[in-house]
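Okay, structure first, notes after.
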Amino acid sequence: MHIFAGLFAALAARVMLGLVRRSDTRAVITLVAPAVEELAKTGLALFWGADIFYTHVVFGGAELAADSLKRRGIWPGLAALALHSALGFVTVWLAAYTGVVALAAVAATVLHSLWNYAAVTLLGPRV
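Here it is as structure tokens:
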């Protein structure tokens with residue numbers, strides 16, 4: 056079920072972000088995108104009873120495939136796979152530690168936002 060949840064989360068995130076991403080502003084990249092993606096990954100994993108960590112990994116794999124197909128190269132895609140896998144681990148660990156999945160998802164969103172901020176600062180707005 057995590058494969059379905061991860062792929063559907065990737066599709067849902069792309070659709071939702073497509074509505075606001077026409078302007079590749081720092082706010083969209085650093086605030087909106089992480090919130091949408093973390094909500095989609097963790098929310099759909101919970102909704103379908105899928106493993107949260109593996110849902111994040113599949114989502115990262117979908118970004119790897121998309122980046123490779125867009126000719127951005129394999130390195131941004133591998134970074135996305137590593138990031139989403141790490142965020143999945145953080146979400147699962149914090150949820151187990153605190154017993155509050157929402158808190159874990161918020162923490163993952165903050166980490167994701169920090170990652171995107173660093174990427175935009177180092178590489179420019181087109182990350």
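In the working numbering, the protein residues as written are 56 to 182.
Note that beta-carbon positions come from the ideal geometry of N, C-alpha and C, so glycine has one too.
All figures in this text were calculated on a predicted structure; none of them were measured in a lab.
Contact set for residue i: own chain, Cβ-Cβ below 6 Å, skip 5 residues either direction
| i | result |
| --- | --- |
| Ile-84 | Asn-171, Val-175 |
| Val-147 | Ile-107, Phe-108 |
| Ala-90 | Thr-164 |
| Val-156 | Ala-150 |
is_contact[residue i, chain D] using C-beta, thresh 8 Å
| i | result |
| --- | --- |
| Leu-66 | The chain labelled as chain D is not found in the depicted structure, where only one protein chain is given. |
Per-residue burial, residue i [other beta carbons within 10 Å of its own, 16 or more giving buried]
| i | result |
| --- | --- |
| Leu-119 | buried |
| Lys-125 | exposed |
| Val-145 | buried |
| Ala-82 | exposed |
| Leu-66 | exposed |
Residue i to residue j span [Cα, whole Å]
| i | j | result |
| --- | --- | --- |
| Gly-61 | Leu-94 | 12 Å |
| Ala-162 | Ala-150 | 10 Å |
| Thr-80 | Leu-177 | 15 Å |
| Ala-88 | Trp-103 | 22 Å |
| Arg-127 | Ala-121 | 9 Å |
| Leu-169 | Leu-138 | 11 Å |
| Met-71 | Gly-179 | 23 Å |
Top-ranked residue by Cα proximity to residue i, from the options
| i | options | result |
| --- | --- | --- |
| Glu-92 | Arg-127, Thr-110, Pro-131, Trp-103 | Thr-110 |
| Phe-114 | Val-87, Thr-153, Ala-134 | Ala-134 |
| Leu-166 | Leu-86, Arg-81, Val-156, Gly-132 | Leu-86 |
| Val-112 | Gly-154, Ile-58, Ala-160 | Ile-58 |
| Ser-140 | Thr-97, Met-71, Gly-73, Ile-129 | Thr-97 |
| Leu-101 | Leu-72, Met-71, Met-56, Leu-169 | Met-56 |
Nonlocal neighbours in the same chain, by C-beta distance under 7 Å from residue i, ignoring five residues either side
| i | result |
| --- | --- |
| Phe-63 | Leu-99 |
| Ala-68 | Val-91, Glu-92, Ala-95 |
| Thr-153 | Ala-159 |
Beta-carbon separation (whole angstroms), residue i vs residue j, contact threshold 8 Å
| i | j | result |
| --- | --- | --- |
| Gly-116 | Leu-136 | 6 Å |
8 Å Cβ shell around residue i - same chain, five flanking residues per side excluded
| i | result |
| --- | --- |
| Val-182 | Note that Val-182 scores 43 on pLDDT, short of 50, meaning its location in the model is unreliable; the coordinates nonetheless yield the value given after this. Excluding positions up to five away in sequence, the list reads Ile-84, Pro-131, Asn-171, Ala-174, Val-175. |
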